[in-house]
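Asks: Chains as they are written, first to last, in this note's numbering: chain E, -12 to 109; chain U, 454 to 599. Glycine included, each C-beta is placed from N, C-alpha and C at the ideal position. Quantities reported herein were computed from a predicted structural model and do not represent experimental measurements. First the structure, which I've put down as structure tokens, then a few questions once you've had a look.
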């Protein structure tokens, strides 16, 4: 099943909107899309998960990998969701301390991306 | 609530995960005492256990099927996920670095079992060289909690 994804520009940020369910079956598609965006030069990425119906630990792993990919390229990744379930998942895994989570795209793209020079993986 | 069960046998392919989640959620939803949030807990825990089972078969190149059995009992919903993979040792699991450590980003995996522990009211993992069985329990009423 294709994972519905689309990108849109919001100032200096590129927003990747993802819908559907992120699990072992669909996660590779998200991973490849992030890799392609970074290869195309994107360094400020908002991952909009507002329309995600399900995300498991495989999905969380891909988000962590995306954060790492952006930061090792001196970029920044922010996550958007207002879903209580997903927010709780970020909280219990403490991933809400690994990346910044915003309630909507406007809030996520309101400020300039942080640079992460010398981040892990170098 | 009368005891009632549904059993699935699926090929060890990730494409079947969404079906497993849908069936278990629908079965658990038959018990009106179970809140939606608890059904969501079970849905995620079952998905984690089934993902591990599928991955275990894929790693071995096994064509055997993974079994998921869901039992609705008097005071709990019980799901057992059984695979015929190579098994694993809990002691081999490497803890993640603290979230404040940049090295945390090196770890994409390993959250599945942690989530199972947190989401299920009871869990039991039996694993040997013949395979792994993960039993997950969610209580249907707060009074059934010990």
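Any residues in the segment 39 to 58 of chain E with a beta carbon nearer than 8 Å to a beta carbon of chain U? Which ones, in chain order?
Replies: Residues 41, 43, 44, 45, 47, 48, 49, 51, 52, 54, 55, 58.
Asks: Using a 10 Å radius around the Cβ and a threshold of 16 neighbouring Cβ atoms, would you call residue 110 (chain E) buried or exposed?
Replies: Because residue 110 (chain E) is not part of the residues shown, which for chain E are -12 to 109, the question remains open.
Asks: Scan the segment -7 to 11 of chain E for residues whose Cβ lies nearer than 7 Å to a Cβ of chain U and list them as they occur along the chain.
Replies: 8, 10, 11
Asks: Quick one, are the C-beta atoms of residue 533 (chain U) and residue 586 (chain U) less than 8 Å apart?
Replies: Between residue 533 (chain U) and residue 586 (chain U), the CB-CB gap stays under 8 Å.
Asks: Would you mind sorting residue 582 (chain U) into buried or exposed? The rule is 16 or more other CB atoms within 10 Å of its CB.
Replies: exposed
Asks: Name the chain U residues whose beta carbon is nearer than 9 Å to that of residue 92 (chain E)?
Replies: Those within 9 Å of residue 92 (chain E) in chain U number zero; the least Cβ separation is about 24 Å.
Asks: Which of the three DSSP states is assigned to residue 71 (chain E) in this structure?
Replies: Residue state, collapsed to three classes: helix.
Asks: Please list, in chain order, all residues of the same chain as residue 90 (chain E) whose beta carbon is under 6 Å from its beta carbon, the five residues on each side excluded.
Replies: 69
Asks: Which residues in the same chain have their Cβ closer than 7 Å to the Cβ of residue -2 (chain E), if we skip the five residues on either side of it in sequence?
Replies: 96
Asks: According to DSSP, which residues form a beta bridge with residue 464 (chain U)?
Replies: U:518
Asks: Which residue's Cα is closest to the Cα of residue 554 (chain U): E:100, E:55, E:44?
Replies: Out of E:100, E:55, E:44, E:55 has the C-alpha closest to the C-alpha of residue 554 (chain U).
Asks: Would you list the one or two residues that DSSP bridges to residue 594 (chain U)?
Replies: According to DSSP, which records beta bridges pairwise, residue 594 (chain U) is partnered with nothing at all.
Asks: May I ask you to verify whether the segment 459 to 478 of chain U touches the segment 499 to 512 of chain U, counting CB pairs closer than 8 Å and requiring at least 3?
Replies: yes
Asks: Along the segment 467 to 478 of chain U, what residues have a CB closer than 9 Å to any CB found in chain E?
Replies: 467, 468, 469, 470, 471, 474
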